[in-house]
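K.L.:
First, the structure itself, so that you have it in front of you.
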């Protein structure tokens, strides 16, 4: 994510507030990126044989898509008058996330932006919610937008792992930091790096005491490469599910940037159990980035397998 030339925005019809679009516009204004507005939905009411025979259902589905396209065109007309390049599309699919992933593979955006809300734990365990599936399988970076607008000078916190544990590629921290820098540069914000060096107790009684200075040395090259002041680095000894939300709250941060973790097989390409806990704990928007090469992995899979 070294540049953002095209942003795919998921629009929610019927919602008064479109924060995903608002934040996408702010990024596009700074990066001169093109926007594509997308509505992807589904209703069992319009499936063949549910209430209507196949020909009737097909006509009604097309009418539904036409209404969505017109809604998007009306929005796009206003946005184009502000100098933005905007295209629109409306898709039908069950589950919608499969069609969104297919659209990403076709359209090749640099960023997917979608609004999200707090989800119950059962949605995550069943792996059925669209947000979670997009985080796992969407080839491009995904920005999940929550209900807080960005301030004039937002703070972006990048969660890094200098030990490259949990199967994380060594260059993923560079990708994440570059993305944080890009967002900050587009919004007059600041980038902060965070790492929890918590070490669980070996005996079950006492946690091991990590060497904080050693972790600072490991991140020194990353700070230097991206011109980030050491004052914007936080190394914490507490568990990440406690220390990272506290750091985000301390900064009143707007976005948490984090990486996905490969478990070697596509059907187990997860964000990571610790990260999944964090995603529901934090109030900030979350940008999730996968390692290089994940797009090729998705292309080799059939959509039905996702």
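Numbering (the working numbering), first residue to last: 12 to 317. All C-beta atoms in this analysis are idealised placements derived from N, C-alpha and C, irrespective of residue type, glycine included. Here the structure is a predicted model, which means the values were calculated and not measured.
#1: Determine which residues share a DSSP beta bridge with residue 269 and list them.
#2: In the structure shown, what three-state DSSP assignment does residue 108 receive?
#3: Ignore the nearest five residues each way along the sequence and tell me which others in residue 103's own chain have a CB closer than 8 Å to its CB.
#4: Tell me whether residue 237 sits in a helix, a strand or coil according to DSSP, three-state version.
#5: Between which two residues does the alpha helix (DSSP H) carrying residue 89 extend?
#6: Going along the chain, which residues of its own chain have a beta-carbon closer than 7 Å to the beta-carbon of residue 197, five neighbours each way excluded?
#7: How would you write the range of the alpha helix (DSSP H) that residue 161 sits in, first residue to last?
#8: Going by C-alpha distance, which of 99, 81, 149, 172 is nearest residue 32?
#9: What number of angstroms, rounded off, separates the C-alpha of residue 192 from the C-alpha of residue 199?
#10: Over the uninterrupted beta strand (DSSP E) stretch that includes residue 99, give me the two end residues.
#11: Would the segment 255–271 count as touching the segment 289–305 if we require 3 or more Cβ pairs under 8 Å?
#12: Grab me the residues of residue 83's own chain with a C-beta within less than 7 Å of its C-beta, minus the 5 sequence neighbours each way, in chain order.
#13: Just to confirm before moving on: does the CB-CB distance between residue 258 and residue 169 stay below 8 Å?
#14: Return the bridge partner residues of residue 52 from the DSSP annotation.
#15: So what does DSSP say about residue 169, is it helix, strand or coil?
#16: With residue 14 as the anchor, note down where its beta strand (DSSP E) starts and where it stops.
#17: Candidates 256, 121, 241, 252: which alpha carbon is nearest residue 150's?
#18: State the DSSP-derived secondary structure class of residue 248, mapped to helix, strand or coil.
P.N.:
In short:
#1: Residue 269 sits at position 258 when you count from the first residue of the chain shown. DSSP, once it has assigned bridges, lists 299 as partnering residue 269.
#2: To locate residue 108, count along the chain shown from 1; it is residue 97. Helix, per DSSP.
#3: Taking the first residue of the chain shown as 1, we reach residue 103 at position 92. Answer for residue 103: 51, 52, 53, 72, 75, 76, 110, listed in chain order.
#4: Start at 1 with the first residue of the chain shown, and residue 237 comes out as number 226. Residue state, collapsed to three classes: helix.
#5: For the purposes of this step, residue 89 is taken as the residue at position 78 of the chain shown. Note, residue 89: alpha helix (DSSP H), 65–91.
#6: The residue you call residue 197 lines up with position 186 of the chain shown. The residues are 38, 41, 42.
#7: The sequence position of residue 161 within the chain shown is 150, counting from 1. First-last for residue 161: undefined, no H or E at that position.
#8: On the chain shown, position 21 is the one that residue 32 refers to. When only C-alpha atoms are compared, the closest one is 99.
#9: Counted from its first residue, the chain shown places residue 192 at position 181. Counted from its first residue, the chain shown places residue 199 at position 188. The straight-line gap from Cα to Cα measures roughly 10 Å.
#10: Against the chain shown, residue 99 aligns to sequence position 88. Start and end: 97–103.
#11: yes
#12: Position 72 of the chain shown holds residue 83. Here the set comprises 22, 48, 50, 99, 101.
#13: In the chain shown, the residue the question calls residue 258 occupies position 247. In the chain shown, the residue the question calls residue 169 occupies position 158. Taking 8 Å as the Cβ cut-off, residue 258 and residue 169 do not qualify as a contacting pair.
#14: Position 41 of the chain shown, counted from the first residue, corresponds to residue 52. BP columns for residue 52 point to 103.
#15: By one-based count along the chain shown, residue 169 stands at place 158. The answer is strand: DSSP assigns residue 169 an E or B state.
#16: Along the chain shown, one-based indexing puts residue 14 at 3. Element bounds for residue 14: n/a, residue is neither H nor E.
#17: Position 139 of the chain shown, counting from 1, holds the residue named residue 150. For residue 150, the nearest C-alpha among the options comes from 121.
#18: In the chain shown, residue 248 corresponds to position 237, counting from 1. In this structure, DSSP gives residue 248 a state outside helix and strand, which the three-state scheme calls coil.
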